[in-house]
Structure formats: structure tokens, C-alpha cells
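Read through the structure below, which is laid out as C-alpha cells, and then see the notes.
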Amino acid sequence: MGLETLGLGAAIIAIIVVLAIFFTFVPITLWISAMAAGVRVSIFTLVGMRLRRVIPSRIVNPLIKASKAGLTVTINQLESHYLAGGNVDRVVNALIAAHRANIELPFERAAAIDLAGRDVLEAVQMSVNPKVIETPFIAGVAMNGIEVKAKARITVRANIDRLVGGAGEATIVARVGEGIVSTLGSSTSHATVLENPDLISQTVLAKGLDSGTAFEILSIDIADVDIGKNIGAELQTEQAEADKKIAQAKAEERRAMAVASEQEMKAKVVEMRAKVVEAEAEVPMAMSEALRSGNFGVMDYINYKNVQADTSMRDSIARSGAEMSDNK
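Set out below in C-alpha cells:
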């Protein structure tokens, strides 16, 4: 009796362990849920997912959701997208949203958009409900030199056909900013922009800035226009200051050349005075030589000295008279 009881207990435990392993490895509850939803998934398919390291609930639940929404999606498509690293649930949600909005979106395109790193569900939602992108203040200078700042609101709709390989929002903002700057720069006056700011949006919108992007620009609205600095006046002031510094530098150069020329002339005067002194020093020597050779007599020398004394006296009288005239 004891051995039979022991054997029965061991058999019951073995059966429980086998059933636990079976139900752990084979998702029976998930299979029942699929059958209840009208989605035919075999047990062997679920076991094969386990063997391929695929979480069955990540495939079966989106499949049930797609089946209830009236979409034709196979389990192989969902499993291959999962193995490729895609988000199966998000792709199915995007397909359902597109189906409800009457937007043509095949599974292959939705999977490609998801694998490209874009949010396919957000793209479908943006196709139904366009998104508004607000730019920062973009500054441009009108022809009269006044800076004008403009802020724009860009209404865009996702273009599903160009989501793969199309440029993003940053490109849209950059292109619109470039168009605003170009339009402001071609305006004759800032008053023209203030009077008709819609001219900016019309000009920019006509350039087809959404080419090559993942969006379609519906409208560009100028939200705010502001006046900035007088750039033209500042540039003229800076130019005048630069011209002034250049003129000062040239004047300083001419002054330095004049000072150098003056110093050079002073040096030449000193040199000439030295030559005069040298020549005057040779006069006594010449007179001495003339006396020795008999070409110059004693009386001639005395007359020479008298002339010198007379000249010196006249110079002294002339200086005295000039001083007396200055004192009067």
C-alpha cells in the first residue's frame, strides 16, 4: 500500500511538472484567445515562434487587432517584421488608423517606414491632423538698412510616400527661414513688410520648399513681425570710423615724414656751419702765408683789422637801436 501510494504521488508530481513545462512552452491561453477572436493560429505555429525566440503575444495580439479592424495581414508578415527589429504593434496601429482615414498604406510601406526609424503611427496621424511648426524669430535686412524680424507658423502634413528618404522638420524650418530672409532682403523698405506681412508667406510658399521632404506644406502664416536695429546706419558709422582711423594713420605718417625731414635739414645746417667755421679757420692761415710770401703787406693787414672793427661797431649800434625800438 505504501509503495502504491508513493508511486501514485510520484506520477502525479511528474504529470504536474510536465503540464507546467508544456503550458509554459506552449501558450495555450493565447491560442484560446486567438480562436475566440476568430483568428486561426495553430499550436505548432506558436511553438515554432518559441523556437525562433519570438514572443508569441507580440505577434498574436496585433494580429487579433488587425483582424478585428478588417485588415488582411498574415502572421508571417508580422513575425518577419518583428525579427527585423520593427515595432509590430505600432505598425498595426498605423495600418488601422490609415484604414479608418481612407489612406492607402500597404503593410510593406508601413514596415519600411518603421524600420527606417520614423514613427509610422505619428505620420498617419499627421496626415489626418496636420501639424503646426513654429519658427523662431528670423531676422532680415530690408534695402533701406532696417532690420526686420519675422516669426512664422508652418502648417505641414505628412507625405507617406516620401517618409522613407525624405528630409525632416529641421529642413522645412531652414528652408522657410532662408525664404523669409530672401524676401525681407528684397523688400525696398521695412514699411512695406509691416504694411503687408502676407507678402512674405505668399513669396515663400510659391518656392516649393517641401520638395524632397517628408512633408507637404499647406500654409505659411506670419505670426509676428518686429523691427530691429538700423543695420545700414550702423554699417555707415563703422565705415566712417574706419575711414577716420585710416586718415589719422596717413596724417601721422605725413607728420612723421615731416619731422624726419626737419631733423635732416637741421643736421645739414649744422654740417654747413661746421664747413663755414672750417673755412673761417683757414683765413688767418692764408693771411699768414700771404704775409710771408709778400703778397699781403702790413698796411693791408692794419686796414683789414680797421674794417673788422668798424663792422663790429656798426653791428653793435644796430643792435642797440633795435632794442630801444622794442622797448618803446
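For the sequence shown, the working numbering assigns the number 20 to the initial residue and increments by one for each residue that follows. We put the CB at the ideal spot given by N, CA and C, even for glycine. All values reported here derive from a predicted model rather than from experimental measurement.
- The straight-line gap separating the alpha-carbon atoms of residue 208 and residue 105 is approximately 54 Å.
- The beta carbons of residue 58 and residue 82 sit about 6 Å from each other, so the pair counts as a contact at 8 Å.
- Residue ranges of uninterrupted alpha helix (DSSP H) with 4 or more members, entirely inside the segment 84–128 and ordered along the chain, are 94–102, 107–119.
- Here residue 179 is near residue 117, since their CB atoms are less than 9 Å apart.
- With 16 or more neighbouring CB atoms inside 10 Å of its own CB, residue 232 falls in the buried class.
- In the DSSP assignment, residue 199 falls within the unbroken alpha helix (DSSP H) covering 188–205.
- Annotated three-state conformation of residue 269 is helix, per DSSP.
- DSSP places residue 234 in the uninterrupted beta strand (DSSP E) bounded by 234–249.
- In this chain, the beta strand (DSSP E) harbouring residue 159 covers 157–160.
- When secondary structure is reduced to three states using DSSP, residue 226 falls in the coil class, being assigned neither helix nor strand.
- Three or more Cβ pairs drawn from the segment 190–210 and the segment 153–160 lie within less than 8 Å of each other, which places the two stretches in contact.
- Judged by beta-carbon spacing, residue 219 lies within the 9 Å limit of residue 171, meaning their Cβ atoms are closer than that value.
- In the three-state reduction of the DSSP assignment, residue 48 falls in the helix class.
- Residue range 165–177 is occupied by the beta strand (DSSP E) that includes residue 176.
- Counted as a single uninterrupted DSSP element, the alpha helix (DSSP H) harbouring residue 212 occupies residues 209–214.
- One Cα belongs to residue 137, the other to residue 112, and the distance between them is close to 14 Å.
- Going by C-alpha positions, residue 294 is about 54 Å away from residue 258.
- Taking a contact as a CB-CB distance under 8 Å, the pair residue 174 and residue 151 counts as one, their CB atoms being some 5 Å apart.
- Taking a cut-off of 8 Å for Cβ pairs, the segment 121–133 and the segment 179–188 touch, as three or more such pairs fall below it.
- Listed in chain order, the non-local C-beta contacts of residue 77 below 8 Å within the same chain comprise 101, 107, 108, local neighbours out to five positions each way being set aside.
- Between residue 245 and residue 167, the C-beta spacing is below 9 Å.
- Membership of residue 62 in any beta strand (DSSP E) is not indicated; the residue belongs instead to the alpha helix (DSSP H) covering 62–70.
- Within the same chain, Cβ atoms closer than 8 Å to the Cβ of residue 254 are found at 164, the five residues on either side in sequence being excluded.
- At a Cβ-Cβ threshold of 9 Å, residue 149 and residue 176 count as neighbours.
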